[in-house]
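Student: Residue 187 in UniProt numbering sits at position 187 of the sequence shown, with consecutive numbering throughout.
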Amino acid sequence: MPSLAEINPLAPETAECPFPFYEAMRRECPVYQVPGAGFFIVSRFEDVLHVLRHPEIFSSKSGPGLRPVPDEEILAIMRQGWMPVNTLLTQDPPAHSRYRALVNKAFSARRVASLEPSITAIANDLIDRFINDGEVELVRQFAVPLPLTVIADALGVDRADMDRFKRWSDDSVAPLGGFLTREREIECAKSIVEFQHYFAERLEERRTSPRDDILTDLLNAHIGLEGEESRPLDMAEMLSILQQILVAGNETTTNLIASGMMLLIHHPEVMQRLRAQPELIPNFVEEALRLESPVQGLFRQAVVDTEIGGTPIPAGTRILLSYASANRDEAEFPHADQIDLEREAPEGHLAFGRGIHYCLGAALARLEARIAFTLLLSRLKNIRAAEGKNDYTHVPSVILRGLKALYLEFEPS
Ligand code: HEM
1 MPSLAEINPL APETAECPFP FYEAMRRECP VYQVPGAGFF IVSRFEDVLH
51 VLRHPEIFSS KSGPGLRPVP DEEILAIMRQ GWMPVNTLLT QDPPAHSRYR
101 ALVNKAFSAR RVASLEPSIT AIANDLIDRF INDGEVELVR QFAVPLPLTV
151 IADALGVDRA DMDRFKRWSD DSVAPLGGFL TREREIECAK SIVEFQHYFA
201 ERLEERRTSP RDDILTDLLN AHIGLEGEES RPLDMAEMLS ILQQILVAGN
251 ETTTNLIASG MMLLIHHPEV MQRLRAQPEL IPNFVEEALR LESPVQGLFR
301 QAVVDTEIGG TPIPAGTRIL LSYASANRDE AEFPHADQID LEREAPEGHL
351 AFGRGIHYCL GAALARLEAR IAFTLLLSRL KNIRAAEGKN DYTHVPSVIL
401 RGLKALYLEF EPS
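#1: Taking 8 Å as the cut-off, is the CB of Gln301 close to at least one heavy atom of the ligand HEM?
#2: Using 8 Å as the cut-off, classify the Cβ of Ile356 as near or not near the heavy atoms of the ligand HEM, replying yes or no.
#3: Counting only beta-carbon atoms, is Leu291 nearer than 9 Å to chain D?
#4: For Pro294, count neighbouring Cβ atoms within 10 angstroms of its own Cβ and tell me buried if that reaches 16, exposed if not.
#5: Could you say which of Pro12, Pro20 and Ser59 lies nearest to Leu320 if we only look at CA atoms?
#6: When you compare only the Cα positions, how much space is there between residue 482 and Phe107?
#7: Give, in chain order, every unbroken run of the beta strand (DSSP E) that is at least 3 residues long and sits entirely within the stretch 107-189.
#8: Could you tell me if the beta carbon of Val85 falls within a distance shorter than 8 Å of some heavy atom in the ligand HEM?
#9: Do the stretch 88-106 and the stretch 206-223 make contact, defined as three or more Cβ pairs closer than 8 Å?
#10: Please return the same chain residues whose Cβ sits closer than 8 Å to the Cβ of Ala37, not counting the five positions on each side in sequence.
#11: May I have a chain-ordered list of the beta strand (DSSP E) segments no shorter than 3 residues that lie completely inside the stretch 373-405?
#12: So, at 7 Å on beta carbons, what are the nonlocal neighbours of Met238 in its own chain, with the 5 sequence-adjacent residues on each side left out?
#13: Please report the Cβ distance between Leu66 and Gly177, rounded to the nearest whole angstrom; I am assuming they are in contact, meaning their Cβ atoms lie under 8 Å.
#14: Grouping DSSP H, G and I as helix and E and B as strand, with all else coil, what is Ser322?
#15: Sorry if obvious, but does the Cβ on Ala351 come closer than 8 Å to a heavy atom of the ligand HEM?
#16: Using a Cβ-Cβ cutoff of less than 8 Å, which residues in the same chain neighbour His357 once the five nearest sequence positions on both sides are dropped?
#17: Along the chain, where does the beta strand (DSSP E) containing Glu307 start, and where does it finish?
#18: Since I believe Ala363 is in contact with Leu289 (beta carbons under 8 Å), could you give me their beta-carbon distance rounded to a whole number of angstroms?
#19: Among Gln277, Leu75, Pro12 and Glu46, whose alpha-carbon lies nearest the alpha-carbon of Arg26?
#20: Please report the straight-line C-alpha distance between Met1 and Pro20, rounded to a whole angstrom.
#21: According to the neighbour-count rule (16 or more other Cβ atoms, all chains shown, within 10 Å of its Cβ), is Gly355 buried or exposed?
#22: Could you name the residues that DSSP lists as bridge partners for Val31?
#23: In three-state DSSP terms, what is Ser62?
#24: Taking the beta carbon of Ala123 as the centre, do at least 16 other beta carbons fall within 10 Å, making it buried, or is it exposed?
#25: Taking Pro147 as the reference, which of His50, Leu375 and Glu368 has the closest Cα?
#26: Does the distance between the C-beta of Arg100 and the nearest non-hydrogen atom of the ligand HEM fall short of 8 Å?
#27: Under 8 Å from any heavy atom of the ligand HEM, does the C-beta of Glu368 make it?
#28: Straight-line CA distance for Glu135 to His266?
#29: Can you give me the start and stop residues for the alpha helix (DSSP H) that Gly249 sits inside?
#30: Taking 8 Å as the cut-off, is the C-beta of Asn255 nearer than that to any heavy atom in the ligand HEM?
#31: Can you check DSSP and say which residues form a bridge with Gln296?
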């Protein structure tokens, strides 16, 4: 086991395999100030939970990712669209609860459950397209298009535009995770402006031709922030909410499905057990969330002088909450590195956060993953890694964890 001093926290190879780093932090320095980077990482379950329970001390407004302040060149690009406003992920109470109330209904457990037949149809259709090939690149051919199609339908936009959604979604999250070239940073900023103009047009269409979709719901929504009369959302607010739904709903669910299948490939005994007892699939989904944590961590900023687990944190300090590390904390999860399909309280992990920012799409993501594994395991036999094709590397990011590709071979059942 390497010691903390031997690990460079911001090196791409650490992001590729962060688990020894997390373990070293929990053991040696659970609230760790990253040398030269000006922020702390909180690595133990109990300490992460403490921060999540105190949004009045730890604000979300400084943004979820590594680069809080865009420079002049990027700002000039952003001004060609709508400047970002804080709505859900980057807002604090009391305004946060007002925005959240507007979208909760669209993603309630009841609404989500009603989507089961359509999600099943989408997943079956994707499997139909490759089942006779005996091989598949699961990320591109299944894990990406499944959540994209579901979210496109929920938003009420054309499935034919999905390639663009994928690009906008990738380009929205890429800047959060570090490791970008300057060229790519500029490309991402332009892409977000393009996304905004596309959705602004679709929203304008709904003003004259309303439909039963989330875009129309947003146009009809009213909000009254502190000291304001109740009013319709403005364009910047609607776009901010849409961007979060689009981005948060895609990349993360894709990564859960892909990394869950990777776990099954590496643990054939678990795959066999799930085939025999499909009723354990929901527990497996929770274990995949816990072990792989598609959202590795997100930032907060202390608004007053405070402390976390005895470490003083001055006002203004940014803090990376390591959900992925907390999820492997032995103090909370016995034999934390192993898949346990009978874990007590399987939903007790922090992969969806906790408290006021608890993932809006948790019910939807769980349903999509459950359907995905149920259908893949029932329709494909003898699923195995395609010989010599997989290197199991991830898109470089300290915020999200996603496999680049997963090549499988199988026989149709
Ligand atoms: C496996 C899939 C997913 C994972 C791992 C995930 C993870 C998370 C996490 C960790 C948070 C908490 C943020 C914080 O602590 O600041 C969050 C919030 C959020 N998620 Fe998800 N998410 C997933 C899927 C989705 C889906 C499908 C949607 C689509 C609706 C979605 C929409 C959101 C939104 C809008 C927020 C912000 C909520 C707020 O600040 O009140 N997520 N998600």
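Ideal placement from N, C-alpha and C gives every residue a C-beta, glycine not left out.
Tutor: On the basis of the supplied data:
#1: To locate residue 301, count along the sequence shown from 1; it is residue 301. Result no, Cβ not under 8 Å from the ligand HEM.
#2: Looking up residue 356 in the sequence shown gives position 356. Ile356: yes, Cβ under 8 Å from the ligand HEM.
#3: Given the protein chain composition of this structure (a single chain), no chain D is represented.
#4: Residue 294 sits at position 294 when you count from the first residue of the sequence shown. It counts as buried.
#5: Mapped onto the sequence shown, residue 320 falls at position 320. Just measuring C-alpha positions, the residue of Pro12, Pro20 and Ser59 sitting nearest Leu320 is Ser59.
#6: With the chain covering 1 to 413 only, the question about residue 482 has no answer from this structure.
#7: 135-137
#8: As a position in the sequence shown, residue 85 is number 85, starting the count at 1. For the ligand HEM, not one heavy atom lies less than 8 Å from the Cβ of Val85.
#9: In the pairwise beta carbon analysis, the stretch 88-106 is classified as touching the stretch 206-223: at least three pairs are separated by under 8 Å.
#10: In the sequence shown, counting from the first residue as 1, residue 37 sits at position 37. Counting only Cβ-Cβ distances below 8 Å, and skipping sequence neighbours, we find Pro9 and Leu10.
#11: As summarised for the stretch 373-405, the continuous beta strand (DSSP E) elements at least 3 residues long and confined to that stretch are 380-385, given in chain order.
#12: By 1-based counting over the sequence shown, the position of residue 238 is 238. Beyond the five residues adjoining it in sequence on each side, Met238 comes within less than 7 Å, by CB distance, of Leu203 and Leu218 in the same chain, given in chain order.
#13: Working through the sequence shown from its first residue, we reach residue 66 at position 66. Working through the sequence shown from its first residue, we reach residue 177 at position 177. So it is a contact: roughly 7 Å between Cβ atoms.
#14: In the sequence shown, counting from the first residue as 1, residue 322 sits at position 322. Of the three classes helix, strand and coil, the one that applies to Ser322 here is strand, per DSSP.
#15: Locating residue 351 in the sequence shown gives position 351, where the first residue counts as 1. If you check the C-beta of Ala351 against the ligand HEM, you find a heavy atom less than 8 Å away.
#16: In the sequence shown, residue 357 corresponds to position 357, counting from 1. Result list for His357: Leu52, Pro55, Ser60, Leu88, Leu89 and His96, in chain order.
#17: For the purposes of this step, residue 307 is taken as residue 307 along the sequence shown, with counting starting at 1. Looking at the DSSP string, the run of the beta strand (DSSP E) that includes Glu307 is Thr306 to Ile308.
#18: Counting from one through the sequence shown, the residue named residue 289 turns up at place 289. Counting from one through the sequence shown, the residue named residue 363 turns up at place 363. Leu289 to Ala363, Cβ: 13 Å. No contact.
#19: Within the sequence shown, residue 26 is the residue found at index 26, counting from 1. Measuring from the Cα of Arg26, the nearest candidate turns out to be Glu46.
#20: Taking the first residue of the sequence shown as 1, we reach residue 1 at position 1. Taking the first residue of the sequence shown as 1, we reach residue 20 at position 20. So the two alpha carbons sit approximately 7 Å from each other.
#21: The residue labelled residue 355 in the question sits at position 355 within the sequence shown. So Gly355 ends up on the exposed side.
#22: Along the sequence shown, one-based indexing puts residue 31 at 31. Answer is Val42, bridged to Val31.
#23: As a position in the sequence shown, residue 62 is number 62, starting the count at 1. Reduced to three states, the DSSP call for Ser62 is coil.
#24: Counting from 1 along the sequence shown, the entry for residue 123 is found at position 123. Looking at its Cβ environment, which holds 16 or more other Cβ atoms inside 10 Å, Ala123 is buried.
#25: Start at 1 with the first residue of the sequence shown, and residue 147 comes out as number 147. Cα-wise, what sits closest to Pro147 is Glu368.
#26: Looking up residue 100 in the sequence shown gives position 100. For the ligand HEM, at least one heavy atom lies less than 8 Å from the Cβ of Arg100.
#27: Against the sequence shown, residue 368 aligns to sequence position 368. Flag set: Cβ of Glu368 near the ligand HEM.
#28: Reading the sequence shown from its first residue, position 135 is the one you call residue 135. Reading the sequence shown from its first residue, position 266 is the one you call residue 266. Each residue's alpha carbon lies about 17 Å from the other.
#29: Reading the sequence shown from its first residue, position 249 is the one you call residue 249. Segment Met235 to His266, the alpha helix (DSSP H) holding Gly249.
#30: In the sequence shown, counting from the first residue as 1, residue 255 sits at position 255. Yes, the beta carbon of Asn255 sits closer than 8 Å to at least one heavy atom of the ligand HEM.
#31: Within the sequence shown, the letter at position 296 stands for residue 296. In DSSP, Gln296 forms no bridge with anything.
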